[in-house]
Each structure stands twice: as C-alpha cells, then as structure tokens.
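Below: the structure, in structure tokens.
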Amino acid sequence: MGTKTFRELTTFRVGGKIEHFFEVKTEKEVVGAVAFAKKNKLPIFIIGGGSDILVSDNDFKGVVIKYGGKKISFKGNSVTVEAGAVWDKLVEETVNRGLQGIECLSGIPGSVGGAPIQNIGAYGQELKDTFVGLSAYDIEKEKFVTFGKTDCEFGYRESFFKKPAGWQKFIITDVTFSLKKDAPPAVKYDSLRNYLAEKNFDNPSLTDVRQAVLKIREAKFENPKEIGNAGSFFKNPIIEKKKADLLKQKYADIPCRPQPDGNYKCSAGWLIEQAGWKGKKYHGAQVSPRHALVLINPEGKA
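This is the structure we're talking about:
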C-alpha cells in the first residue's frame, strides 16, 4: 500500500491525490485490498493503464486498486494474459508468433484488463472478435468469477463493465483470446489499405500491417508519454440510412460507412473538425491540432 496521484496514473496527466493505493499481483493481494477498503468503509476505484478515464483534481479519500500482473501465457492458438500487461505488448507478442486477430489493434494505449471494458477496436477489428473469456473478482460477493463472451454484452465501444450493473464492481485479473495461426492479416479500412499500397505491400504480413498501423497512429496521435492524452475520445455516431442519405446530399464528402445492420457509421472526427473545434484550447485542454479525435493536455495544466 502507498500513496499516489491520479496525475501519475492516467495518460491525461490530471487528477488529485489518492489516500490509499494498492498495486496487486495475486488473488490473495486482490482479496486483501478489497478487505482493507471494506473494513475501513472506504470507496473503491479500480484503475488499469489509466488511458480511458478523466479524474477530478480533488483528493480521493478511498482505495484505488490496480492489478499489476503482466504474465502472457500461450497455449496453441490461445493466449491468456494477466490484466496488468500492456495491451500493445500483447499485440507485439502475437504478431511475432504469427497469430492473427488483433494486429490492427496495435498501438492502442492501456492495459489488457481495460481492453474488454471498452471493447477496443480499430481499423476493422474489435476485441470481441477474438475474446474467449476473463476472470475477475466480484467486489460485492467477495469471490472470483468468470465471464464468457455473452456475459460481457459487447457492443460498439461498450460492454457489461461500462453499464451500472458492472461498472467498478469487478477487478479483472486475466483475459483469454483465441487467434488464428498463419492466417492473412485483416486489411478492411481504406486508410490502412492505401498506406500499404503506397509502401508497395501487395501481400502484407502481420508484421507489415502492425507497423503500418503504428505509423498511421504516430502521424495522427500525440505520444501520451510526452503529451497528456488518451488517444481517440469519440464514438462514431451510427445513424439510419435515411439520415445518412440526407447528410450526403448536403455534405458530399462526409465519411459514412454502411454497417451490417443497414445503418451508417459517420466519422466523429470529420464532424468535430467541420464544427471548427480542431486545435481549439479551453482552460489548458485542447482538441489536438493534428487530429480532431484527440483531446490533449499539452502543458500539463488542464
């Protein structure tokens, strides 16, 4: 147990002091941290890589628990990963082993434990596509439980763990994925396909796709290690075809992609930029001048 600040633990580089901080790596330590909080009647807040939260500058008079185990265990085409592992480290390991399924999720900040909460996705891949299950500690019932894919109620950047019934009520300890050996990489998005074509990759490997995604992200997003940010903060709005057609009549260049259910997903970045917010500053925070999908804390004063 120790003291920390949320500023130290979040990629936005904001947040007040934490009264009690536990970084736990075993089931016994998880149980002990929760027991301490309950014994002292203190609120609990669970944190992972700190890349998807914005925290108050006020001090937190409670217990913050971070699962720090980072072990990655492969068995055939399956991989079980402790929640504290860095997400991009997992992607790198799978690509190096010729396992296809999450290569387009390269470079996404955060931990493995946080990935299913958000159902992270990029360039046509989503976590749910390869997800098998996870283990977690139920804080209320004080027992370890497992979740399958159906239990997680995955949606577009959505899961059971973001809903009232699941939010901040489970400490995820490990996640299991099922990947494909020596399968061709997924190249579904035009921006990725065009980048690979420009580099003359007619038959790209998993490594080629991973490196392409990293380069595209590098051009779009500020490095959170250098400038406080959390990557993309948006959800692309999904609208009915009728509304998409009306928008296209008025704005011919609006990027809208058809979805399997007949609806259309429109670009949030395009909308934010058209509204004139790209590069705008407000009380130390800023919409990135490089990409309208990113909020940054350029001087650490937000």
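full-length UniProt numbering puts the first residue of the sequence shown at 1, with every later residue one more than the last.
Cβ atoms here follow ideal geometry from the backbone N, Cα and C, with glycine treated the same way.
Per the DSSP secondary-structure output, threonine 5 pairs in a beta bridge with Lys17. In this structure, lysine 248 keeps its C-beta atom at 8 Å or more from the C-beta atom of isoleucine 239. Serine 73 counts as exposed, since fewer than 16 other beta carbons sit within 10 angstroms of its beta carbon. Along the length of the segment 111-194, whole beta strand (DSSP E) runs at least 3 residues long occupy 131-138, 143-148 and 170-178, reported in chain order. DSSP, read as helix, strand or coil, puts glutamate 273 in helix. As computed with DSSP, lysine 281 is found in a beta bridge with Gln286. For the segment 32-106, the full-length beta strand (DSSP E) segments reaching 3 residues or more read 44-47, 60-67, 72-75 and 78-82 along the chain.
Take the alpha-carbon of isoleucine 139 and the one of phenylalanine 170: they are about 6 Å apart. Exclusion of the five residues before and after valine 145 leaves Ala136 and Asp138 as the residues of its chain whose Cβ lies within less than 7 Å of its Cβ. Per the C-alpha coordinates, the member of Lys220, Gly49 and Ser78 positioned closest to valine 64 is Gly49.
Just so you know, the alpha carbons of proline 237 and lysine 28 end up roughly 42 Å apart. With respect to the C-alpha of cysteine 266, the residue from Val209, Asp245 and Asn96 having the closest C-alpha is Asp245. Inclusion of arginine 97 and glycine 228 in the CB contact set at 8 Å is not warranted, their separation being larger than that value.
Residue range 206-220 is occupied by the alpha helix (DSSP H) that includes isoleucine 216.
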